[in-house]
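Numbering (our numbering), first residue to last: 3 to 140.
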């Protein structure tokens, strides 16, 4: 089950942070078709957001065709966004994990890694959105 983390100082509304985290989990293969998302009450208990915030996020995901709300049963993933290149066993992901460990071993903080990644992303993909949905502290 996915565990949501809400960064209150990010400037991004909590419901969009939930949407983005589900989309990211779908791209990385952490969530797959048929998986059940936590209830609004469960998300509220772990993140301290209003249950209506989660319901708004789930409605947005439903409009995008990524989840299905089954009355009395919950909210379920209906399709994946994963590609072979983002799968846990993919060579690209493996090399990125190795790079992250090297960056950590060399003393870079999560914020420095994010800044470095965003800089190189911008150089490699001109016009890519600037920055992630939230910046880790560190």
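Cβ coordinates follow ideal geometry from the N, Cα and C atoms, glycine included.
- When C-alpha distances from residue 81 are compared across 70, 74, 89, 90, the shortest belongs to 70.
- Going by DSSP, residue 117 is part of the alpha helix (DSSP H) stretching over 112 to 126.
- Residue 8 places its beta carbon 9 Å or farther from that of residue 60.
- Looking at the backbone, the Cα of residue 56 and that of residue 68 are separated by about 15 Å.
- Within the same chain, and ignoring the five residues on either side of residue 94 in sequence, the residues whose Cβ sits closer than 6 Å to its Cβ are 87.
- Classified as exposed, residue 108 has fewer than 16 neighbouring CB atoms from the shown chains inside 10 Å of its CB.
- Contact annotation: residue 31 and residue 90 have beta-carbon atoms nearer than 9 Å.
- Counting every other CB atom within 10 Å of its CB across the protein chains shown gives residue 63 a total of 16 or more, marking it as buried.
- In the structure shown, the three-state DSSP call for residue 77 is strand.
- As the crow flies, the alpha-carbon of residue 46 is around 22 Å from that of residue 36.
- C-alpha of residue 48 to C-alpha of residue 40: approximately 10 Å in a straight line.
- Going by beta carbons, residue 27 and residue 33 fall inside the 9 Å limit.
- Note on residue 130: under 16 other CB atoms within 10 angstroms of its CB, so exposed under the neighbour-count rule.
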